[in-house]
Structures are given as structure tokens and as C-alpha cells.
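For the sequence shown, position 89 (counting from the first letter as 1) is numbered 88 according to numbering that gives the first Met the number 0, and the numbering increases by one without interruption.
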Amino acid sequence: MKIVRPPLEHLDRGPLDRTELAALVARDIPDGAYVNLGIGLPTTVASFLDPPGRVVLHTENGMLGMGPEAHGDDIDPDLLNAGKVPVTELPGAAYFHHADSFAMMRGGHLDVCILGAFQVAANGDLANWHTGDPGAIPAVGGAMDLAIGAKAVYVMMDLFTRDGAPKLVPSCTYPLTGRACVSRVYTRHAVFHLAAGAVRLVTTFGITADELAQRLDVPLVHHIEQGEHRA
0 MKIVRPPLEH LDRGPLDRTE LAALVARDIP DGAYVNLGIG LPTTVASFLD PPGRVVLHTE
60 NGMLGMGPEA HGDDIDPDLL NAGKVPVTEL PGAAYFHHAD SFAMMRGGHL DVCILGAFQV
120 AANGDLANWH TGDPGAIPAV GGAMDLAIGA KAVYVMMDLF TRDGAPKLVP SCTYPLTGRA
180 CVSRVYTRHA VFHLAAGAVR LVTTFGITAD ELAQRLDVPL VHHIEQGEHR A
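Written out as C-alpha cells, the structure is:
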């Protein structure tokens with residue numbers, strides 16, 4: 000029998016800040032996983048892995064065993080992640096050619112990649128490299144390789160644009176990065192799990208599940224359906 004759990008609503012606070020969001024994603028990464036952190040907000044997750052070596056961080060510019068972001072005297076100008084942010088190295092860290100790094104990504108050797116997004120569709124389609132707007136600068140990087148190569152794709156993004164339009168959508172209107180590849184979406188307002196074309200609302204922050212459903216154009220699984228039971 001399929002069990003649908005109701006979402007955990009955190010109504011005694013507002014939406015998460017960027018630090019809290021990064022910490023939440025870090026806690027959800029399985030121990031021992033090989034993980035790539037995309038450029039931008041996903042890179043902040045490295046500083047919230049506790050202990051830092053409980054997962055193995057991979058960078059597309061050729062490093063395995065990356066540690067947290069470097070500060071002060073720990074900064075080495077030759078030790079950067081793919082987003083050109085100074086980082087530290089953990090014991091056993093390895094360096095290799097850029098081509099070898101992409102072979103790892105394309106060959107299915109990464110357990111999780113964490114990416115930003117312009118849009119995510121209910122079926123897991125991802126759009127994160129170009130808005131299609133005239134004059135916009137495309138930024139492919141390794142996103143397409145990660146989207147199809149990683150065993151699980153987590154997205155960190157704002158749930159709404161500055162105009163209030165949802166970025167979790169029935170279907171992407173921007174050029175696609177990958178099809179049906181996203182398994183989780185982490186936002187300041189809520190966390191979603193995507194599977195079999197369904198969007199499962201897991202947790203909300205500063206907003207009720209019903210209020211969230213009214214602002215989104217995708218059906219949310221967030222209640223106990225008839226004939227089902229809570230675990």
C-alpha cells in the first residue's frame with residue numbers, strides 16, 4: 000500500500016536564509032557519497048558538511064576530496080573550485096586532468112550533484128543554462144554532463160522569481176539542460192521530492208501547504224489520500 004506523508008510545516012518562522020538552506024541540503028546528502036557542487040549557491044554546501052570528510056566532493060576542474068571554502072591564511076590562489084572560489088583540501092585529496100574529471104561525471108561515478116536552476120518541471124526536467132532572452136549569456140559549463148551522469152540531481156533555487164512567478168513549473172519554457180533528471184528541489188520556502196511525474200511536498204518554511212499550492216501551477220502530493228494510511 001502506498002503511503003503519503005503530510006508535509007512538515009514550519010510556521011513559527013519565515014523562509015530559510017541562504018545559510019540555513021545550505022545546511023539543510025548538507026544534512027540530506029548520504030554518508031560516503033561522491034558529490035559535485037554546482038557553481039553559485041550549491042558551492043556553499045561544502046562549508047556545512049559535518050564532518051567535512053563524510054562525503055567526497057568532486058570538482059569539474061579536476062579535484063577529488065575538496066574541503067570547505069578557504070578563508071584568511073588558508074587561501075591558496077592555486078586551489079579553487081569550478082566557481083573560482085578558494086577552497087581547502089582534505090587528507091587524501093587528488094588532482095587530475097579536466098578531461099578525466101568530465102569522464103567521471105559522464106561515466107555515472109557521482110552519486111549526487113547539486114545544481115542551481117532557472118526552472119524545474121514537475122517531471123524533473125531541468126533548465127539552468129540559458130533563459131533564452133536576447134542578450135542573455137549562456138552558461139553551460141558541466142551542467143548537462145552532471146544532469147545526465149549523476150545518480151541523483153538535487154536543485155537549490157529560489158521558488159519564485161522577483162516578480163513572484165513560480166520556478167517550479169508544469170513544463171520548462173527555457174532551454175533544457177536535462178530531461179527528467181531532478182529528484183529533489185530545495186528552496187527557501189519548501190523542499191520537494193520529484194518521482195514518476197509527481198511533486199511531493201516534504202517541508203515548508205513560513206508558509207502552509209495549502210498557501211503554497213495556491214501559488215504554484217503544479218499539483219502537489221501533500222495529504223493522505225483516501226484508502227491510504229500514515230506510517
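No residue lacks a Cβ here, since even glycine has one placed at the ideal position from N, Cα and C.
Near residue i, what residues of its chain come up, given a Cβ to Cβ distance below 6 Å and the 5 sequence neighbours on each side ignored?
i	result
G177	L125, A146, I147
C171	Q118, A120, D124, A126
A69	P85, V86, T87
M0	Confidence at M0 is low in this model, with a pLDDT of 44, below 50, so its placement is unreliable and no value can be given for it.
S100	E59, G61
G196	N122
Taking residue i as the reference, which of the options has the closest Cα?
i	options	result
L90	N122, S182, H9, M62	The question names Leu, but residue 90 in the sequence shown is Pro. Of the candidates N122, S182, H9, M62, the one whose C-alpha sits nearest the C-alpha of P90 is M62.
G39	H9, V139, L114	L114
A92	G52, L23, L215, N127	G52
G141	T58, A151, M65	T58
K150	A212, F204, R183	R183
V198	P218, L211, R105, R214	P218
E8	V44, L56, L211	L211
P50	L175, G66, A81	G66
P41	V201, D132, P133, G82	G82
T18	Y173, T43, V168	T43
M103	V201, L56, C180, R214	L56
T194	A179, I74, T207	Residue 194 is actually Ala in this sequence, not Thr. For the residues A179, I74, T207, the minimum Cα distance to A194 belongs to A179.
D216	F101, T207, A164, I206	A164
A135	Y173, P169, H192	Y173
E137	N122, A116, D157	Here residue 137 is Pro; the residue named in the question, Glu, does not match the sequence. If we check each option's Cα against that of P137, A116 comes out closest.
V152	R26, P133, H192, V168	H192
Looking only at its chain, what residues have a beta carbon closer than 8 Å to the beta carbon of residue i, apart from the 5 residues adjacent to it on each side?
i	result
T160	K166
Q225	A caution first: Q225 carries a pLDDT of 40, below 50, which makes its placement in the model unreliable, though a value can still be read off. So the list is empty, once near-sequence residues are dropped.
M143	W128, T176, G177
G96	Before going on, a small fix: residue 96 reads as His here, not Gly. Hits under 8 Å: G61.
R105	D144, I147, G148
T204	For clarity, residue 204 is Phe in the given sequence; the question names Thr instead. So the list reads H9, R12, G13, P14, L15, R187, H188, A189, once near-sequence residues are dropped.
D30	R53, V54
V168	Q118, V119, A120, A121, D216, V217
L23	L15, Y185, V190
Given residue i, which residues of its chain have a CB within under 7 Å of its CB, disregarding the five upstream and five downstream residues?
i	result
L20	M155, Y185, R187
Y94	G61, M62
D73	T87
Below 8 Å on the Cβ atoms is my contact criterion, and I expect residue i with residue j to pass it. Report the Cβ-Cβ distance as a whole number of Å.
i	j	result
P231	T202	Absent from the structure is residue 231, since the part of the chain shown begins at 0 and ends at 230.
L200	V220	7 Å
Open item on the list: With three or more C-beta pairs closer than 8 Å as the rule, is the stretch 100 to 118 touching the stretch 34 to 41?
Closed with: yes
TODO: Determine, using beta-carbon pairs with one atom in the stretch 13 to 22 and one in the stretch 184 to 198, whether at least three such pairs fall under 8 Å.
DONE: yes
Open item on the list: Restricting to runs no shorter than 3 residues, where is the beta strand (DSSP E) found entirely within the stretch 72 to 118?
Closed with: 86 to 94, 111 to 114
Open item on the list: If we require 3 or more residues per run, which beta strand (DSSP E) segments fall completely within the stretch 133 to 179?
Closed with: 151 to 155
Task: Contained beta strand (DSSP E) runs [length at least 3] in the stretch 16 to 64, N- to C-terminal order - done: 33 to 36, 55 to 58
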